[in-house]
DNA sequence: TCGCCGGTCT
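Numbering (the working numbering), first residue to last: 6 to 650.
Here you go:
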């Protein structure tokens with residue numbers, strides 16, 4: 006046995022037993038290590054994630070006068086790309102050109118392409134592929150993957166077709182990646198073609214291909230097809246399960262996503278932070294705080310509470326469930342604060358009406374030299390909007406244009422239009438719409454809502470036309486205008502609108518509130534006294550109303566949309582769904598001092614808002630109400646929205 | 001002794 010192969014066997018033994026350090030000690034004792042030994046050490050360090058050490062070894066090797074070969078380069082390029090060391094990578098690239106590896110060796114070339122795509126230097130990567138004399142599937146795949154992962158899905162498809170036309174057969178790596186691009190593009194026709202190709206190539210049992218197929222169907226919203234793919238899987242792994250769960254959430258199938266998660270656990274597949282953030286998203290969307298808290302428990306148990314994905318998902322959960330303190334607790338425990346986690350926290354404050362907290366965090370972000378992105382500004386503007394910080398909002402909006410290279414989207418404008426409109430600066434709001442490229446229905450409806458708040462019938466009628474041009478049968482718009490006429494006392498127009506709504510067969514979604522008491526959800530509709538214990542509820546409700554009247558509550562009938570006698574109007578106010586839900590929750594939890602969390606499918610009504618403030622001071626309970634748009638935290642007679650919403 | 005794959009957050 007030669008000296009080299011003896012050394013090699015020794016290294017291999019140590020590394021395979023997991024003792025890279027032992028191998029390293031052995032290596033360091035060699036007087037003049039051969040190139041094969043250097044390569045072995047470098048690649049072992051890279052594959053063990055010890056990238057920085059791999060680079061040190063490479064540099065030491067060069068200092069020692071050892072000439073790198075194709076093996077050295079293919080390992081070390083990966084190290085440079087992992088650490089984002091562009092300069093060093095380019096210098097090594099130059100050396101590989103001088104030594105004649107770049108265009109003549111497939112291993113070196115594909116590692117180079119991979120490195121440049123990770124540096125986001127797509128032109129360089131593509132040029133290398135073009136120069137390589139004999140291109141193989143790995144080389145093409147490296148470029149396809151690079152394009153796909155940076156969101157250049159059309160380019161990925163082009164390169165793929167180019168590869169196929171050169172008679173090079175795709176492998177499972179190529180197909181996995183290209184399926185994802187089809188999914189991202191929503192190109193189900195190409196996606197199905199590739200599905201056929203997967204079968205034809207005999208790769209349908211490869212787990213990565215299956216996962217990508219699953220993801221492709223889910224991104225194209227073909228949930229049933231994706232479930233079919235999933236059911237045909239022989240061995241679903243952690244990634245496959247996760248892919249299915251997060252895809253279901255994306256398609257609004259939260260309940261199924263949660264049952265799939267439970268099935269995953271039953272199948273003894275462990276979740277990781279990917280899985281858990283998907284499940285948390287399901288909990289946040291449907292405000293299932295209890296389940297979310299259980300997931301939080303699992304996150305702590307498996308030790309990923311500092312993970313930025315799990316963290317952002319938790320912040321989002323607590324934000325959407327109205328618990329900003331918990332959201333902040335999670336945020337403060339993150340190991341790495343990045344722009345997404347800060348955005349999540351700002352957004353959590355924003356939707357709960359804690360504008361000043363949101364702005365403080367925005368300032369801290371700047372002092373941390375984290376570059377804000379478009380989402381940051383949506384969150385900050387929303388924070389100003391939900392707290393009535395009009396001037397601050399205008400100032401922030403102006404600064405986006407002057408200080409940042411961020412393109413303003415319709416969402417930014419919609420937020421500003423809402424902000425201006427609600428503070429009665431309707432003309433300014435309308436002027437701002439002129440700046441929006443292709444203003445959509447949402448933009449105009451935002452202005453329409455502002456008209457409703459301020460009873461601007463004339464402008465509303467003009468704006469209504471715009472909205473209906475863009476969305477002729479939109480129920481929300483008709484209802485908005487009906488409400489506007491009703492609050493302006495124009496009952497003839499209300500009747501007219503109602504008949505239009507009837508003719509168009511538009512259905513008004515009924516107002517509904519629900520409340521979560523002792524892990525049971527109870528739903529209430531306005532005026533609906535069919536709850537099994539409605540007798541007790543009504544008793545409590547009437548008692549509450551009489552008591553808060555003594556504190557100054559005065560039923561405000563302008564929120565009643567029917568033209569009824571005053572007495573009947575007042576009665577209809579009393580049976581609003583949120584009042585029923587609160588009465589029920591107080592009855593169920595009497596003697597306890599817990600917070601009450603209620604949810605409403607529409608926006609909370611003005612009279613109920615006032616009433617809830619009184620109830621919070623009367624009972625000493627904190628009431629957290631999530632309506633269709635935001636949260637209201639009622640505490641000691643005050644609401645976090647500052648009566649501005 | 002070497003290269004290319006699938007799932008997460010605002």
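Glycine residues also receive a C-beta, built at the ideal position from the N, C-alpha and C atoms.
Just so you know, these numbers come straight off a predicted model, no measurement behind them.
For residue 334, the number of other beta carbons within 10 angstroms of its own is below 16, and it is reported as exposed.
Within the same chain, and ignoring the five residues on either side of residue 612 in sequence, the residues whose Cβ sits closer than 7 Å to its Cβ are 560, 561, 564, 578.
In the structure shown, residue 531 falls within a coil segment according to DSSP collapsed to helix, strand and coil. Here residue 338 is exposed, its C-beta having fewer than 16 other C-beta atoms within 10 Å. Beta-bridge annotation (DSSP): residue 643 is paired with 640. Nearest to residue 170 by C-alpha distance, out of 193, 181, 142, is 142. Distances from the alpha-carbon of residue 314 to those of 288, 299, 280 put 280 closest. In terms of Cβ geometry, residue 381 and residue 353 do not form a close pair [threshold 7 Å]. With a cut-off of 8 Å on Cβ pairs, the segment 455 to 465 is in contact with the segment 414 to 428, counting three or more such pairs.
If you ignore the 5 residues before and after residue 616, its C-beta comes within less than 7 Å of the C-beta of 553, 558, 584, all in its own chain and listed in chain order.
About 23 Å separates the beta carbons of residue 520 and residue 575, which is beyond the 8 Å limit, so they are not a contact pair.
Ranked by how close their Cα comes to the Cα of residue 483, the residues 464, 463, 504, 493 have 504 in first place. Shown here for residue 347: same chain residues with a beta carbon closer than 6 Å to its own, the five before and five after excluded, namely 370 in chain order. Remark: C-beta atoms of residue 147 and residue 115 approach each other more closely than 7 Å. Rounded to whole angstroms, the separation of the alpha carbons of residue 195 and residue 203 is 12 Å. Distance from the CA atom of residue 439 to the CA atom of residue 401, rounded to whole angstroms, is 20 Å. Per the DSSP secondary-structure output, residue 630 pairs in a beta bridge with 603, 637. One thing to note: residue 384 has its Cβ no nearer than 7 Å to the Cβ of residue 411.
Secondary structure at residue 521: strand, using DSSP grouped into helix, strand and coil. At a Cβ-Cβ threshold of 7 Å, residue 219 and residue 206 do not count as neighbours. Bounds of the alpha helix (DSSP H) holding residue 64 are 56 to 68. Residue 41 and residue 104 have their C-alpha atoms some 17 Å from each other.
DSSP places residue 137 in the coil class of the three-state scheme, outside both helix and strand.
Counting every other CB atom within 10 Å of its CB across the protein chains shown gives residue 109 a total below 16, marking it as exposed. Residue range 177 to 190 is occupied by the alpha helix (DSSP H) that includes residue 189. Residue 495 and residue 464 have their C-alpha atoms some 15 Å from each other. Excluding five sequence positions before and after residue 571, none of the CB atoms of its chain fall closer than 6 Å to its own CB. In the DSSP secondary-structure assignment, residue 526 is bridged to 521.
Between the alpha carbons of residue 127 and residue 86 lies a gap of roughly 13 Å.
Burial check for residue 236: the Cβ neighbour count within 10 Å stays below 16, so the residue is exposed. Here residue 506 has 480, 483, 484, 487, 513 as same chain residues with Cβ atoms under 8 Å from its own Cβ, once five neighbours each way along the sequence are excluded. Of the other Cβ atoms in all chains shown, 16 or more fall within 10 Å of the Cβ of residue 98; this residue is therefore buried. For the pair residue 250 and residue 283, the CB atoms are nearer than the 7 Å cut-off.
Boundaries of the alpha helix (DSSP H) around residue 32: 25 to 33.
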